[in-house]
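Inspection log for the structure reproduced underneath, given as structure tokens.
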Amino acid sequence: MIKTLFLVFLLTGAVLAQLTPVEQQSKDQERIRNKARQGADVECTDSIMQNYLKALDDTTLDNNETGGTTRSDALYGFCRICGHKNGTIVTQEILKRLLQDKHQDVRREAAALIPGIAKTDSDSIKGIAALRLSIHDSDVRVRLQAVTSLVRMHIIDTGDVLDTLINIAKGQATFPEKPIKGCVDCIKKTSQQLRLGAIKQLNHFKYKKADLALQNLSNDQDSLIKQAVLRLSPLQRGGK
13 MIKTLFLVFL
23 LTGAVLAQLT
33 PVEQQSKDQE
43 RIRNKARQGA
53 DVECTDSIMQ
63 NYLKALDDTT
73 LDNNETGGTT
83 RSDALYGFCR
93 ICGHKNGTIV
103 TQEILKRLLQ
113 DKHQDVRREA
123 AALIPGIAKT
133 DSDSIKGIAA
143 LRLSIHDSDV
153 RVRLQAVTSL
163 VRMHIIDTGD
173 VLDTLINIAK
183 GQATFPEKPI
193 KGCVDCIKKT
203 SQQLRLGAIK
213 QLNHFKYKKA
223 DLALQNLSND
233 QDSLIKQAVL
243 RLSPLQRGGK
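Going by our numbering, the first residue of the sequence shown is number 13, and it counts up by one from there.
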């Protein structure tokens, strides 16, 4: 009797532990993404690539709270994994559409991937034009990523690109711009990381306006921001 109950218990546990197809796909994508970020050799099968493409085209994800994460994961996997292994790259048309996606995660991932897939001069021109529009995105995180990608593509000019960076570095671009769930300290830390990211990119701009902004930031009330600026130059910003 005891032996029978034990077997029933084991079988029940095995059934409960079995993942649904959706859960298994999510788990597989997470495993692949983690391995790819670590630089591991990741196999791209036809089924995996089709899953990525299906997620990119699935407009029903717009009505799903996790749709942004799902689609941004698929975009990352398709460009970085399947694109690298099979010579398949996502088209500029798809990226342009995803830069207008409902979810900021998708827009940010698309902006991050543009420099890596611009294989021709024509691609670069289209990518730069799309990124210039994205520096006016409603989400500050997307704006920072768009500027960062422009810097990677050696677009270091004055105007909107520089002004966007300066505003983020000063903390004038508030985060979050729309209420989100989360603790106050988490939001404060994220805002700080955004400012630090903008300062790092701002150092690429060799213009008087950029230099003046960095000098002002060397006296920032946030000690972490102040130290980050001072470390940018051996002369130390702030006239020292």
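Heads up, the beta-carbon is just placed ideally off N, CA and C, and yes, glycines get one too.
As the structure is a computational prediction, the values presented were derived from the model and not from experiment.
Within its own chain, the residues whose Cβ lies closer than 6 Å to the Cβ of Leu125, once the five positions on either side in sequence are excluded, are Cys91, listed in chain order. Scanning Ile167, Lys108 and Asp113 for the CA closest to the CA of Asp151 turns up Asp113.
In this structure, the alpha-carbon of Leu244 lies about 44 Å from that of Asp70.
Distance check between Thr103 and each of Leu226, Asp232 and Ala130 places Ala130 closest, using alpha-carbon atoms only. In the three-state DSSP reduction, Ala210 falls in the helix class (H, G or I).
Excluding sequence positions up to five before and after Leu111, its CB lies within less than 6 Å of the CB of Arg119, Ala122, Ala142 and Ser146, all in the same chain and listed in chain order. Taking the Cβ atoms as the reference, Ala240 lies roughly 18 Å from Leu174, outside the contact range of under 8 Å. With respect to the 7 Å criterion, Val163 and Gln213 are classified as neighbours on the basis of their beta carbons. Nearest neighbour of Lys218 by Cα position, chosen from Asp169, Ile137, Asp149 and Leu236, turns out to be Asp169. Per DSSP, Met61 is one residue of the alpha helix (DSSP H) stretching across Asp58 to Asp69.
When Arg155, Gly79, Asn63 and Leu208 are compared, the shortest CA-CA separation from Ser235 is found for Leu208. As the crow flies, the alpha-carbon of Ile211 is around 8 Å from that of Leu177.
In the structure shown, the three-state DSSP call for Gln233 is coil.
Boundaries of the alpha helix (DSSP H) around Thr160: Val152 to Arg164.
When the alpha-carbon of Lys182 is set against those of Gly128, Leu226 and Met165, the nearest one is in Leu226. Of Lys108, Gln116, Glu105 and Asp58, the smallest CA-CA separation from Asp85 is found for Gln116. In the displayed model, Thr72 falls within a helix according to three-state DSSP. Going by C-alpha positions, Lys200 is about 43 Å away from Asp58.
Less than 7 Å separates the beta-carbon of Ile140 from that of Ile167.
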